[in-house]
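Q: I have a structure here, written as structure tokens, and I will follow up with some questions on it.
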Amino acid sequence: MTFEEASSRWWTEIGQHHKNVETTLHVLAWLNDAVGPKTDLAKIDDAKIAAVVARRRGEHIKGDDKRPLVSAATVNRTCTQPLREIMLRARNVWKVKTADFDFGQHMLRERQERVREASTAEEEAILAELSPGYAEAVLFAFLTGCRRMEILGLRWPHVDFFGRQFTVFGKGDKRRTIPMSDAIYDLLWSQKDHHPDVVFTYVARRTLKKRGLVRGKRYPLTEDGLKTAARRAIAATGIEDFHFHDMRHTAATRVLRKSNLRVAQRLLGHADIQTTTKYAHALDDDIRAALEATSSPAHETRGKDKKADG
């Protein structure tokens, strides 16, 4: 079986059912070019896999030489992992003869994601810069910790006002149901009459016939539209080192302060609680403040005595 045949069959059985099919198609096209469409699976050994990974690792973000090289996480997600899925399905499910390989040695070590929490003032400043539709989507991100694509993909059939919960589909199309707080309930309720299917929409400011837009009418938010609106709003406030994904970090850190790691894990949809522990260090200041508050009078007196002796 050639790689082209294997990737095509994998697409039919698995890939076409992904939430972001365009991304999956792009990944498959890249892999076919890098591996070689006519390459027999029996020839895709560790040396071949290493070469493919090295090629992806040497590429720049969006193919722009002026931008940085893609991250280790991007290489793993768009190259090594999908290639592994195809090869393992061919060997284990289709019973096709393949070369011996060990994908564990090809996965790159990913840099630990930093945690940047927005202050209440920063959140309010960002929201104040956003137009209707975009502001509600960003507020939803701050309240729920949902990813951008989860927000854009939220549909009314997945919103249960009676049960006070909603369902999103995250990475790998994993289904996650999240309870509504009063704030989330009110926010979603305010959007219910704007569109029959999509939850978050925006009002077209002008008529654009080529895009089928009519001024004053509402249309579903797009990924580029939400990304651009958030970036411009953040820039307008002068807030530094803050990105859309940090809204997820903000929600997680706030929830962790009021509960525990298990609750934060469920909110974010992490399969492994170890992934959630990166937020634990955000509580260092809280712990420090608590320790200061519980310092004994004897410690304070001793400290003053030492200063006097000096």
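The sequence shown begins at 2 in my numbering and counts up by one.
Think of the CB as a built atom: it goes at the ideal place given N, C-alpha and C, for glycine as much as any other residue.
The model shown is predicted, which means the values in this text are computed figures rather than measured ones.
1) Tell me the rounded alpha-carbon separation between residue 219 and residue 237.
2) How many angstroms separate the CA atom of residue 90 from the CA atom of residue 44?
3) Within its chain, find whatever has a CB closer than 7 angstroms to the CB of residue 152; leave out the 5 residues flanking it on each side and keep chain order.
4) Could you tell me the alpha carbon to alpha carbon distance between residue 191 and residue 49, rounded to whole angstroms?
5) Just tell me which of 176, 248, 54, 67 has its CA closest to the CA of residue 109.
6) One question on the structure: do residue 230 and residue 144 come within less than 9 angstroms of each other, judged by their Cβ atoms?
7) Take the Cβ of residue 215 as the centre, count every other Cβ of all protein chains shown within 10 Å, and call the residue buried at 16 or more, exposed below.
8) Report yes if the C-beta distance between residue 7 and residue 88 is below 9 angstroms; otherwise report no.
9) Does the structure place the stretch 149-163 close enough to the stretch 178-195 that three or more beta carbon pairs sit under 8 angstroms?
10) If the criterion is Cβ atoms closer than 9 angstroms, does the pair residue 255 and residue 118 meet it?
11) Let's see if you can read the secondary structure: which residues bound the beta strand (DSSP E) around residue 106?
12) I'd like the span of the beta strand (DSSP E) that includes residue 179, first residue to last.
13) Inspect the beta-carbon positions of residue 62 and residue 56 and report whether they are closer than 9 angstroms.
14) Counting along the chain, where does the beta strand (DSSP E) carrying residue 166 start and finish?
15) What are the start and end residues of the beta strand (DSSP E) that includes residue 202?
16) Looking at the secondary structure, which residues open and close the beta strand (DSSP E) in which residue 38 lies?
17) At the level of alpha carbons, what is the spacing between residue 37 and residue 4?
18) Write down every uninterrupted run of the alpha helix (DSSP H) in the stretch 97-161 whose length is 4 residues or greater and which is fully enclosed by it, in chain order.
19) When the distance is taken between beta carbons, is residue 146 closer than 9 angstroms to residue 269?
20) Which first and last residues belong to the alpha helix (DSSP H) in which residue 212 is found?
A: The structure says:
1) 25 angstroms
2) 16 angstroms
3) 138, 141, 142, 201
4) 54 angstroms
5) 54
6) no
7) exposed
8) yes
9) yes
10) yes
11) Note, residue 106: premise wrong, no beta strand (DSSP E); not H, not E.
12) 176-180
13) no
14) 166-170
15) 202-204
16) Here residue 38 belongs to no beta strand (DSSP E), and DSSP marks it neither H nor E.
17) 7 angstroms
18) 121-129, 135-145, 149-153
19) yes
20) From DSSP, residue 212 is part of no alpha helix (DSSP H); its letter is neither H nor E.
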